Amino acid sequence: MSQAPLLSVRGLHKSFGALNVLKGVDLTVRSGEVAFLIGPSGGGKSTLIRCINFLETPSSGEITFDGRPLCHEDGRIFHVAPERVLRAARSEMPMVFQHFNLFTHRTVLENVIEGPIMVKRRPRAEAIADAERLLREVGLHDKSDFYPDQLSGGQKQRVAIARALAMQPKLILFDEPTSALDPELVAGILDTIRGLADRGMTLVVVSHEMSFARKLADVVHFIAEGTIIESGPPDRIFDNPQSPRLSGFIRSILH
Amino acid sequence: MYEFFFVLIPRHFPFLLEGALVTLELSFLSMAFGLVLGLATALGRLSGKRWLDWPLITYVEIWRDVPLIVQLMVIYFTLPTIGITLSGFWAGVLGLSLNLGAYLSEVFRAAILSIDPGQRAAGMSIGMSKPMIYRRIIFPQAFRIAIPTIGGYFIALLKDSSLVSFISVNELLRNGNIIISNTFRNMEVYMMVAIIYFILSFAASRLIRHLEHSLTPKYLRRQGRKAKVLAPDIAVMP
Numbered sequence: 001m002s003q004a005p006l007l008s009v010r011g012l013h014k015s016f017g018a019l020n021v022l023k024g025v026d027l028t029v030r031s032g033e034v035a036f037l038i039g040p041s042g043g044g045k046s047t048l049i050r051c052i053n054f055l056e057t058p059s060s061g062e063i064t065f066d067g068r069p070l071c072h073e074d075g076r077i078f079h080v081a082p083e084r085v086l087r088a089a090r091s092e093m094p095m096v097f098q099h100f101n102l103f104t105h106r107t108v109l110e111n112v113i114e115g116p117i118m119v120k121r122r123p124r125a126e127a128i129a130d131a132e133r134l135l136r137e138v139g140l141h142d143k144s145d146f147y148p149d150q151l152s153g154g155q156k157q158r159v160a161i162a163r164a165l166a167m168q169p170k171l172i173l174f175d176e177p178t179s180a181l182d183p184e185l186v187a188g189i190l191d192t193i194r195g196l197a198d199r200g201m202t203l204v205v206v207s208h209e210m211s212f213a214r215k216l217a218d219v220v221h222f223i224a225e226g227t228i229i230e231s232g233p234p235d236r237i238f239d240n241p242q243s244p245r246l247s248g249f250i251r252s253i254l255h
Numbered sequence: 256m257y258e259f260f261f262v263l264i265p266r267h268f269p270f271l272l273e274g275a276l277v278t279l280e281l282s283f284l285s286m287a288f289g290l291v292l293g294l295a296t297a298l299g300r301l302s303g304k305r306w307l308d309w310p311l312i313t314y315v316e317i318w319r320d321v322p323l324i325v326q327l328m329v330i331y332f333t334l335p336t337i338g339i340t341l342s343g344f345w346a347g348v349l350g351l352s353l354n355l356g357a358y359l360s361e362v363f364r365a366a367i368l369s370i371d372p373g374q375r376a377a378g379m380s381i382g383m384s385k386p387m388i389y390r391r392i393i394f395p396q397a398f399r400i401a402i403p404t405i406g407g408y409f410i411a412l413l414k415d416s417s418l419v420s421f422i423s424v425n426e427l428l429r430n431g432n433i434i435i436s437n438t439f440r441n442m443e444v445y446m447m448v449a450i451i452y453f454i455l456s457f458a459a460s461r462l463i464r465h466l467e468h469s470l471t472p473k474y475l476r477r478q479g480r481k482a483k484v485l486a487p488d489i490a491v492m493p
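Chains F and W, in that order, are what the protein sequence lines are.
Residue numbers for the first sequence follow the numbering used here, beginning at 1 and rising by one.
Residue numbers for the second sequence follow the numbering used here, beginning at 256 and rising by one.
Listed below in structure tokens is the structure:
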């Protein structure tokens with residue numbers, strides 16, 4: 001466990017105009033780890049993982065992914081890695097979104113092979129073979145030629161997961177993957193995510209599914225008011241919270 | 256009762272067709288330039304660069320808010336006084352292109368903005384570059400949305416190109432007028448001119464319909480003209 005972490009975030013700040021959303025976040029994710037980010041709405045969870053993926057450019061701080069600095073401070077100057085480096089990093093830590101964000105003009109199969117072909121420059125036949133295997137894994141091999149509009153929310157989200165997996169990622173970011181789903185579809189997605197964790201995939205999950213976090217997480221980070229207030233194994237976070245802010249949050253969600 | 260004198264039509268028909276050919280040349284060239292100009296203007300407006308904004312807005316407003324005939328007159332008659340002399344044909348192409356570009360820029364801008372920004376984020380999150388996202392994700396969808404409107408502007412352009420007859424380009428209307436001044440048979444000639452414009456525009460309209468159809472995914476086609484009601488993905492607030 002002495003190896004360098006896969007993802008390291010130090011002193012990350014993000015403000016939108018006068019609004020400070022992240023106020024110095026430190027986060028470490030090791031290879032193979034399943035990290036959950038929980039906390040109240042508006043606390044900065046989604047902004048944090050969008051900054052990790054550089055969908056939002058942080059205002060200051062340091063992010064290192066797989067040994068490559070994506071942004072860092074040099075004295076008082078904030079450096080962001082060139083676009084090329086950011087793109088390469090993104091392709092290795094794709095994100096699964098709350099609203100799926102599938103390419104609606106593309107079939108299921110085309111959604112999955114887009115990244116491998118366009119970004120990884122893999123031969124089309126190879127990408128298709130891979131995509132078909134991934135779609136079988138998520139139980140959608142018979143829907144290859146369907147368009148996103150023809151699928152249910154749960155099916156869409158499984159396509160989105162297959163699209164992320166097709167990038168052969170080192171880490172997958174999940175931004176509230178079940179929040180837009182009908183209740184009866186949630187379990188299927190959680191099963192799929194559990195399958196990834198069981199295979200040793202590194203996951204960073206923003207979620208409101210607390211019982212799921214408790215079962216699956218190696219580490220739970222509680223984020224509120226733009227900082228990580230408490231981190232630890234799920235048992236300690238849920239059963240023995242140290243800070244009053246966290247115990248208040250736990251109480252509020254149990255009711 | 257007016258006595259129709261249709262025998263003169265076969266004699267003058269080739270001359271009208273010559274004009275119709277010029278009308279088509281004017282329209283297709285202006286359409287091509289207008290599309291490029293409109294797209295470039297829309298992308299400039301959407302780039303978020305302040306210094307690009309006001310020149311582009313100025314262009315769009317000037318070209319939308321001045322009558323086309325006045326624009327053509329300015330290009331053809333007053334540009335030579337500052338040393339820029341264009342033939343009637345190219346003055347016409349320039350005027351029509353700039354005019355169309357101004358209108359199409361707004362069509363493209365609206366179509367691009369109508370694509371869910373989540374798809375852009377999804378493209379970025381798997382490492383696609385911005386040009387790649389535009390080319391592969393946004394343009395194909397925006398173009399399909401814009402096609403019927405672009406088609407409408409193309410048909411308008413085809414007919415508006417008749418204004419170019421005022422700057423002595425021998426297109427369809429002007430050739431018709433020339434025949435009339437030789438034969439004094441305006442009824443027959445204008446009817447022919449009108450019919451040819453109708454045929455050209457109608458053909459264009461069918462072509463656009465066909466293009467729209469071929470760009471629509473198969474599963475959406477059967478629903479035909481009925482608007483598709485999408486089940487909304489309503490975010491459930493936790």
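Beta carbons: idealized from backbone N, C-alpha and C, even for Gly.
Computed from a predicted structure; not experimentally measured.
Exercise. How about F383 (chain W): is its C-beta nearer than 8 Å to some C-beta of chain F?
Worked result: Here residue 383 (chain W) corresponds to residue number 128 of the second sequence, with the count starting at 1. As written in the sequence, residue 383 (chain W) is Met, which differs from the Phe given in the question. So yes, M383 (chain W) belongs to the interface.
Exercise. Does DSSP put N101 (chain F) in a helix, a strand or coil?
Worked result: Against the first sequence, residue 101 (chain F) aligns to sequence position 101. Coil, per DSSP.
Exercise. For A8 (chain F), which beta-bridge partners are listed by DSSP?
Worked result: For the purposes of this step, residue 8 (chain F) is taken as residue 8 along the first sequence, with counting starting at 1. It should be noted that the sequence gives Ser, not Ala, for residue 8 (chain F). DSSP lists F:T28, F:T64 as partners of S8 (chain F).
Exercise. E132 (chain F) to R122 (chain F), Cα distance in whole Å?
Worked result: Here residue 132 (chain F) corresponds to residue number 132 of the first sequence, with the count starting at 1. Here residue 122 (chain F) corresponds to residue number 122 of the first sequence, with the count starting at 1. In this model, E132 (chain F) and R122 (chain F) are separated by some 15 Å (Cα to Cα).
For this session: Could you please give the first and the last residue of the uninterrupted alpha helix (DSSP H) stretch that includes D218 (chain F)?
Result: Taking the first residue of the first sequence as position 1, residue 218 (chain F) is located at position 218. No alpha helix (DSSP H) contains D218 (chain F), which DSSP labels as neither H nor E.
Exercise. What do you get for P403 (chain W), buried or exposed, if any count of 16 or more other CB atoms within 10 angstroms of its CB means buried?
Worked result: Here residue 403 (chain W) is taken as the residue at index 148 of the second sequence, counted from 1. Classification for P403 (chain W): exposed.
For this session: Starting from D175 (chain F), follow the beta strand (DSSP E) in both directions and report where the run begins and ends.
Result: For the purposes of this step, residue 175 (chain F) is identified with residue 175 of the first sequence, where counting begins at 1. Note, D175 (chain F): beta strand (DSSP E), 171-175.
Problem set entry | Neighbour flag for L485 (chain W) against chain F, beta carbons, 8 Å | The sequence position of residue 485 (chain W) within the second sequence is 230, counting from 1. Note on L485 (chain W): pLDDT 49, under 50, position unreliable in the model; the coordinate value appears next. Under the Cβ criterion of 8 Å, L485 (chain W) is counted among the residues facing chain F.
Problem set entry | E73 (chain F) - DSSP class collapsed to helix/strand/coil | Numbered from its first residue, the first sequence carries residue 73 (chain F) at position 73. DSSP places E73 (chain F) in the strand class (E or B) of the three-state scheme.
Exercise. Does the stretch 5-23 of chain F come close enough to the stretch 49-62 of chain F to have 3 or more Cβ pairs within less than 8 Å?
Worked result: Yes, they touch.
Exercise. Thinking C-beta only, is V419 (chain W) closer than 8 Å to G431 (chain W)?
Worked result: Along the second sequence, read from residue 1 onward, the residue named residue 431 (chain W) stands at position 176. Along the second sequence, read from residue 1 onward, the residue named residue 419 (chain W) stands at position 164. No, the pair does not count as a contact, with Cβ atoms beyond the cut-off.
Problem set entry | Proximal residues of chain W, C-beta to C-beta of V119 (chain F) below 7 Å | Position 119 of the first sequence holds residue 119 (chain F). Chain W residues near V119 (chain F): I381, G382, M383.
Exercise. Are any of the Cβ atoms in chain F nearer than 8 Å to that of A449 (chain W)?
Worked result: Along the second sequence, one-based indexing puts residue 449 (chain W) at 194. The beta carbon of A449 (chain W) does not come within 8 Å of any beta carbon belonging to chain F, so the residue lies off that interface.
For this session: Please check if any C-beta of chain F sits within less than 8 Å of the C-beta of Y474 (chain W).
Result: If you number the second sequence from 1, residue 474 (chain W) lands on position 219. Interface annotation, Y474 (chain W): in contact with chain F, CB-CB separation under 8 Å.
Exercise. Does DSSP put I237 (chain F) in a helix, in a strand, or in coil?
Worked result: Looking up residue 237 (chain F) in the first sequence gives position 237. DSSP places I237 (chain F) within a helical segment (H, G or I) once states are collapsed to three.
Problem set entry | Under 8 Å from the C-beta of M167 (chain F): neighbouring residues of chain W | Within the first sequence, residue 167 (chain F) is the residue found at index 167, counting from 1. By Cβ distance, chain W contributes I381, G382.
Problem set entry | Start and end residues, beta strand (DSSP E) containing G232 (chain F) | Position 232 of the first sequence, counted from the first residue, corresponds to residue 232 (chain F). 227-232 is the extent of the beta strand (DSSP E) around G232 (chain F).
Problem set entry | Beta-carbon proximity list for A459 (chain W), same chain, < 7 Å, skipping 5 on both sides | For this step, residue 459 (chain W) is matched to residue 204 along the second sequence. Hits under 7 Å: F409, I410, L413.
Exercise. Mind pulling the chain F residues with CB within less than 7 Å of M387 (chain W)?
Worked result: Locating residue 387 (chain W) in the second sequence gives position 132, where the first residue counts as 1. Around M387 (chain W), the beta-carbon contacts reaching into chain F at under 7 Å are M118.
Problem set entry | Interface flag, N20 (chain F) vs chain W, CB-CB below 8 Å | Numbered from its first residue, the first sequence carries residue 20 (chain F) at position 20. Closer than 8 Å: no.
Exercise. At which residues does the beta strand (DSSP E) containing F36 (chain F) begin and terminate?
Worked result: As a working note, residue 36 (chain F) is residue 36 in the first sequence. It spans 34-38 - the beta strand (DSSP E) in which F36 (chain F) sits, taken as one unbroken run.
Problem set entry | Buried or exposed by the 16-neighbour rule on C-beta atoms within 10 Å, applied to K304 (chain W) | Here residue 304 (chain W) corresponds to residue number 49 of the second sequence, with the count starting at 1. By the neighbour-count definition (other C-beta atoms within 10 Å, threshold 16), K304 (chain W) is an exposed residue.
Exercise. Going by C-alpha distance, which of F:S207, F:S231, F:S8, F:F174 is nearest I253 (chain F)?
Worked result: Residue mapping note: residue 253 (chain F) aligns to position 253 of the first sequence, counting from 1. Measuring from the Cα of I253 (chain F), the nearest candidate turns out to be F:S207.
For this session: Tell me the start and end of each unbroken alpha helix (DSSP H) in the stretch 120-198 of chain F that is at least 4 residues and wholly inside, in chain order.
Result: Here the runs fully enclosed are 124-137, 153-165, 183-198.
Problem set entry | Which listed residue (F:V138, F:G39, F:R163, F:V85) has its alpha carbon closest to that of S247 (chain F) | Position 247 of the first sequence, counting from 1, holds the residue named residue 247 (chain F). Closest option to S247 (chain F), Cα to Cα, is F:G39.
Problem set entry | Simplified DSSP assignment, three categories, for K473 (chain W) | On the second sequence, residue 473 (chain W) is found 218 positions in, with the first residue counted as 1. Helix at K473 (chain W).
Exercise. Are the beta-carbon atoms of S380 (chain W) and P94 (chain F) separated by less than 8 Å?
Worked result: In the second sequence, the residue the question calls residue 380 (chain W) occupies position 125. In the first sequence, the residue the question calls residue 94 (chain F) occupies position 94. Yes, Cβ-Cβ distance for S380 (chain W) and P94 (chain F) is below 8 Å.
Exercise. Beta-carbon separation of T202 (chain F) and E33 (chain F) under 8 Å?
Worked result: Against the first sequence, residue 202 (chain F) aligns to sequence position 202. Against the first sequence, residue 33 (chain F) aligns to sequence position 33. The answer is yes: Cβ separation under 8 Å.
Problem set entry | Length of the line joining the Cα atoms of D66 (chain F) and A88 (chain F) | Locating residue 66 (chain F) in the first sequence gives position 66, where the first residue counts as 1. Locating residue 88 (chain F) in the first sequence gives position 88, where the first residue counts as 1. A88 (chain F) has its alpha-carbon roughly 11 Å from the corresponding atom of D66 (chain F).
Problem set entry | Residue environment, M318 (chain W), which counts as buried when at least 16 other CB atoms sit within 10 Å | Here residue 318 (chain W) corresponds to residue number 63 of the second sequence, with the count starting at 1. A quick correction: the sequence has Trp, not Met, at residue 318 (chain W). By the C-beta density criterion, W318 (chain W) is buried, having at least 16 other C-beta atoms within 10 angstroms.
Exercise. Cβ of I392 (chain W) less than 8 Å from any chain F Cβ?
Worked result: Mapped onto the second sequence, residue 392 (chain W) falls at position 137. The C-beta of I392 (chain W) comes closer than 8 Å to at least one C-beta of chain F.
For this session: Could you name the residues of the same chain whose beta carbon sits closer than 6 Å to that of V112 (chain F), not counting the 5 residues immediately before and after it, in chain order?
Result: Counting from 1 along the first sequence, the entry for residue 112 (chain F) is found at position 112. Cβ within range, chain order: A131, A162, R163, A166.
Problem set entry | Residue-level contact to chain F via CB, P269 (chain W), 8 Å cutoff | For this step, residue 269 (chain W) is matched to residue 14 along the second sequence. Not an interface residue.
For this session: List the endpoints of the continuous beta strand (DSSP E) containing L203 (chain F).
Result: Along the first sequence, read from residue 1 onward, the residue named residue 203 (chain F) stands at position 203. Residue range 202-206 is occupied by the beta strand (DSSP E) that includes L203 (chain F).
Exercise. Tell me which same chain residues have a C-beta within less than 7 Å of the C-beta of G299 (chain W), skipping the five on either side of it?
Worked result: As a first step, residue 299 (chain W) must be located in the second sequence, where it is residue number 44. Result list for G299 (chain W): L307, L311, in chain order.
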